[in-house]
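Colleague: Please find one structure pasted underneath; my questions will follow.
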């Protein structure tokens with residue numbers, strides 16, 4: 001990675017967490033082609049070595065080890081906080097925000113969720129909501145990105161899709177879908193443009209990041225059929241059956257119950273503004289979000 005710190009006098013170094021995940025990984029790739037100085041935080045020696053082989057500065061850090069996060073954050077003026085999707089999401093977010101305050105980090109870009117709400121019955125939505133609120137009260141400059149449903153979830157269903165079915169429990173409930181590369185592009189724009197008068201991140205703001213249109217699982221199945229020229233039908237899974245399937249895969253009760261509640265109740269009934277379309281992404285990156293049809297085309301090999 002080549003960087004020119006003089007082009008970014010107010011952002012001498014940025015720390016990216018979650019760099020081995022879909023969003024953080026995509027952001028890392030984008031930043032590696034920019035002149036914004038940055039380093040990534042990861043847990044294992046193998047991950048560190050993999051990034052370093054790509055010419056990307058990498059430091060050890062584990063959210064479960066606050067001292068390691070502090071060491072990784074030393075000397076950074078911006079932080080990309082992609083908290084791990086665990087029951088400790090809020091605790092890890094809060095500890096990291098506190099550390100950023102102690103180290104005089106100037107700006108945090110946090111990846112949250114479209115349905116973030118401290119009062120949500122969904123454990124991760126509630127955790128994100130509490131963390132977002134804590135960040136807003138921290139005294140730091142902040143930007144929160146709130147992406148909707150991830151298109152990448154389709155790849156987790158690829159084995160079923162290859163058999164001709166798209167399983168789900170949300171019926172005809174629709175939600176907007178977004179690709180992780182678009183979320184990363186929004187984060188990159190905020191990091192690079194922060195400090196420019198009127199630019200993103202100049203003031204604390206929540207950006208709702210959505211796809212181009214709300215789509216239900218049956219509509220997605222139809223779209224897959226059209227793009228792959230092979231019939232894929234929606235297969236409705238009753239909520240209790242989905243819960244049992246998740247538990248069989250050792251998903252903890254709290255997370256399994258939350259996932260079922262999200263699909264069977266919130267998405268199916270259109271609650272929590274899951275069908276809302278926002279122009280925030282286009283406003284940030286200057287182009288529309290990747291369309292579902294284009295995502296399917298790009299991942300044809302994994303779905304067939």
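Residue numbers (UniProt numbering): 1 to 304. Note that CB positions come from ideal geometry on N, CA and C, so glycine has one too.
#1: Is there contact here, the region 171-184 with the region 125-143, by at least three beta-carbon pairs under 8 Å?
#2: Could you tell me which whole beta strand (DSSP E) segments of length 3 or greater appear in the region 185-238?
#3: Give me whichever residues DSSP pairs with residue 143 in a beta bridge.
#4: So what does DSSP say about residue 45, is it helix, strand or coil?
#5: In the DSSP assignment, find the unbroken beta strand (DSSP E) run with residue 343 in it and report its ends.
#6: State the start and end residues of the unbroken beta strand (DSSP E) segment that holds residue 168.
#7: What did DSSP end up calling residue 95 once you bin it into helix, strand or coil?
#8: What span of residues does the alpha helix (DSSP H) with residue 135 cover, start to end?
#9: Are the CB atoms of residue 146 and residue 209 nearer to each other than 8 Å?
#10: List the endpoints of the continuous alpha helix (DSSP H) containing residue 253.
#11: Could you tell me the alpha carbon to alpha carbon distance between residue 305 and residue 275, rounded to whole angstroms?
#12: Excluding the five sequence neighbours on either side, which residues of its own chain have a C-beta within less than 8 Å of the C-beta of residue 329, listed in chain order?
#13: Give the secondary structure of residue 80 by DSSP, where H, G and I count as helix, E and B as strand, and everything else as coil.
#14: Given a cut-off of 8 Å on the beta-carbon distance, is the pair residue 28 and residue 66 in contact?
#15: Helix, strand or coil: how does DSSP classify residue 51 here?
#16: Based on the DSSP secondary-structure assignment, which residues constitute the bridge partners of residue 14?
#17: At the level of alpha carbons, what is the spacing between residue 47 and residue 31?
#18: Taking DSSP as the reference, what is the three-state secondary structure of residue 276?
#19: How many whole angstroms separate the CB atoms of residue 284 and residue 190, which I take to be in contact at a CB cut-off of 8 Å?
#20: Count the C-beta pairs between the region 253-265 and the region 111-131 that are closer than 8 Å, then say yes if the count reaches three, no if not.
#21: Could you compute how far the alpha carbon of residue 299 sits from the alpha carbon of residue 91?
#22: To the nearest angstrom, how far is it from the Cα of residue 5 to the Cα of residue 75?
#23: Put residue 115 into one of helix, strand or coil per three-state DSSP.
#24: Determine the direct distance from the alpha carbon of residue 58 to that of residue 154, and round the result to whole angstroms.
#25: Taking the beta strand (DSSP E) that residue 59 belongs to, which residues open and close that run?
#26: Less than 8 Å between the beta carbons of residue 224 and residue 290, yes or no?
#27: Look up residue 248 in the DSSP assignment and say whether it is helix, strand or coil.
Modeller: With the structure as the only source:
#1: no
#2: 205-209, 214-216, 233-236
#3: 109, 205
#4: helix
#5: Outside the displayed span of the chain (1 to 304) sits residue 343, for which this structure offers no information.
#6: 165-168
#7: helix
#8: 123-136
#9: yes
#10: 253-261
#11: Given that the chain is displayed from residue 1 to residue 304, the structure contains no residue 305 and the question cannot be resolved.
#12: Residue 329 lies beyond the stretch modelled for the chain, which goes from 1 to 304, so this question has no answer here.
#13: strand
#14: no
#15: helix
#16: 38, 78
#17: 18 Å
#18: coil
#19: 7 Å
#20: yes
#21: 35 Å
#22: Any reading at residue 5 must be qualified, since the residue scores a pLDDT of 41, below 50, and its modelled position is unreliable; the value itself is stated next. The alpha-carbon atoms of residue 5 and residue 75 are separated by roughly 13 Å.
#23: coil
#24: 30 Å
#25: 58-60
#26: no
#27: helix
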